[in-house]
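First up is the structure itself, then whatever we jot down about it.
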Amino acid sequence: MKRLAIIRQKYNPAGGAERIVSAIVKQLQAGGEFSPLLISRNWETLPGVETVGIKPFYLGSVWRDWSFARAARAAWKKAGADLVQSHERIPGCHVFRAGDGVHAAWLDARLEGASWWRRLSTFCNPYHHFMLRTERAMFRHPALRAVICNSELVRDDVVGRFGVDPRRCAVIRNGVDSDFFNPAAAREQREALRERYGIPQTAPVLVYVGSGFERKGVAQALRAIAPHAAVHLVVVGGDKKLARYQSLAARLGVSERAHFTGPQRDVRSYYGLADGFILPTLYEPFGSVVIEAMACGLPVLTSTRCGGAELLEPGVTGWLAAAGDAAAWQDNVAAWLAARADWPRSGELARARVAGLSESNMVAQMLALYRELSAVGGGRGAGE
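Per this note's numbering: the sequence shown ends with 401, consecutive numbering throughout.
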């Protein structure tokens, strides 16, 4: 049985990437072809899975990531791993799952139209320089044999920026549990939740789900609803700068229509209280929230730099705009409102589009990749 090492610095089964790791590990256990080894700084024990906890001392984010990468390489060499899949940017791994996308692409998106002060502060941040060097070294390392991309957006960034052979980039989109995320279950609490937040039962509602309000465009979502007096926005998630967005809502005159709920465990019910999903993200490699919303029967408004946008049919199951184009976002909200009579049909089509994106199908594609890589030769030279 071949040993597959899976690297993730922070491991919490409740997280998005961590749920994917857990799904892979469970399937590996059931299949009997690969013996999984989980290498992490912070981990929770999975039954029957060998884990290696590495906690090198560090001060600051650069030292944190550098020391973890160094310790992870030592751990997988000591364990004699045949195949190494990393979810972190670590030069020397065999397979990199680019679930967080490309750091260079994120920086470009973040700095587009930014002030000179933002550009200067970014340039002076040593962590960004470290990440760019590490990312470049990993993609050009001779040990790298495959890159798992969760969207064509990420694949194109990897190929275009680093010259990686497109044949080594496998597009394997995230999976969604469509049995759990379904319109009927999502809408069970619709009336109660609308009443809780003071939203009229007939009001058109857009919902946003996620943390990281700056990157994911909460400010743009607030601006998008401003000229549309009937539209309510429900923001599900937390951010340490929440007060800044509440102040923006007040300046825009939408405080009574913008509802900040904080983090919620039952996000399904929040999809159900809404009529559409909005994610004006600056950069989102895929966006599992997009396919969760689609599975719940919601049309989606998102940006052209969201990998999940590849699943939408513009004007039918969703509307797209450049992240920074405020006028286009307001126009898209208007178009969504104008299509109100078609929302049920749009929701049906959206749900049908993601029906094949099951978690089991995602894992099956990964296992097929592992088999292919194992068939063409072992990989114990990783990191050397």
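Each residue gets a CB set at the ideal place from its N, CA and C atoms; glycine is no exception. This one's a predicted model, so the numbers in the text were calculated from it and none came from an experiment.
Excluding the 5 residues preceding and the 5 following residue i in the sequence, name in chain order all residues of the same chain whose CB lies nearer than 6 Å to its CB.
i, result
"A40", "E376 and V380"
"K27", "N59"
"G314", "P200, G364 and R368"
"F147", "V79"
"F277", "V252"
"A130", "Per the sequence presented here, residue 130 reads as Gly, with Ala not at that position. Hits under 6 Å: G341."
"E401", "Low confidence applies to E401: its pLDDT is 49, below 50, so where it sits in the model is not reliable, and the reading given next is rough at best. Counting only Cβ-Cβ distances below 6 Å, and skipping sequence neighbours, we find nothing."
Whose C-beta lies closer than 7 Å to the C-beta of residue i among residues of the same chain, with five residues either side of it excluded?
i, result
"I189", "I165, N167, M379, Q382 and M383"
"A385", "none"
"R370", "M311, L328 and T334"
Only counting the same chain, and skipping five residues up and downstream in sequence, which positions put a Cβ closer than 8 Å to that of residue i?
i, result
"G227", "K233, V253, G254, L296 and V306"
"S84", "P73, F74 and Y75"
"E309", "V193, F198, V226, V284, R285 and Y288"
"G398", "Confidence at G398 is low in this model, with a pLDDT of 48, below 50, so its placement is unreliable and no value can be given for it."
"G65", "Q46"
"P143", "V79"
By the 10 Å Cβ neighbour count, where 16 or more other Cβ atoms means buried, how is residue i classified, buried or exposed?
i, result
"Q218", "exposed"
"L390", "buried"
"R90", "buried"
"H104", "buried"
"L21", "buried"
"V393", "exposed"
"F156", "buried"
"A358", "exposed"
"R388", "exposed"
"W134", "exposed"
"T151", "buried"
"A326", "buried"
Measuring CA to CA, which of the options is closest to residue i?
i, options, result
"P244", "A88, A345 and Y387", "A345"
"I24", "T334, R322 and H111", "H111"
"L45", "M18, S57, V69 and I56", "M18"
"D8", "F303, E152, A238 and D359", "Only positions 18 to 401 of the chain appear in this structure, which leaves residue 8 out of reach."
"A267", "G289, I242, D256 and S286", "I242"
"L223", "E35, L374 and W360", "W360"
"V317", "R36, L54 and G293", "G293"
"P221", "R211, D99 and G229", "R211"
"G279", "D256, A88 and W93", "D256"
What are the partner residues of residue i, as DSSP defines its beta bridges?
i, result
"N59", "K27"
"S52", "R20"
"L337", "T319"
What are the boundary residues of the alpha helix (DSSP H) that includes residue i?
i, result
"I242", "V235 to I242"
"R368", "W360 to R370"
"S377", "E376 to A392"
"F74", "From DSSP, F74 is part of no alpha helix (DSSP H); its letter is neither H nor E."
Name the two residues that bound the continuous beta strand (DSSP E) containing residue i.
i, result
"E67", "E67 to G70"
"S103", "L100 to S103"
"L296", "G293 to L296"
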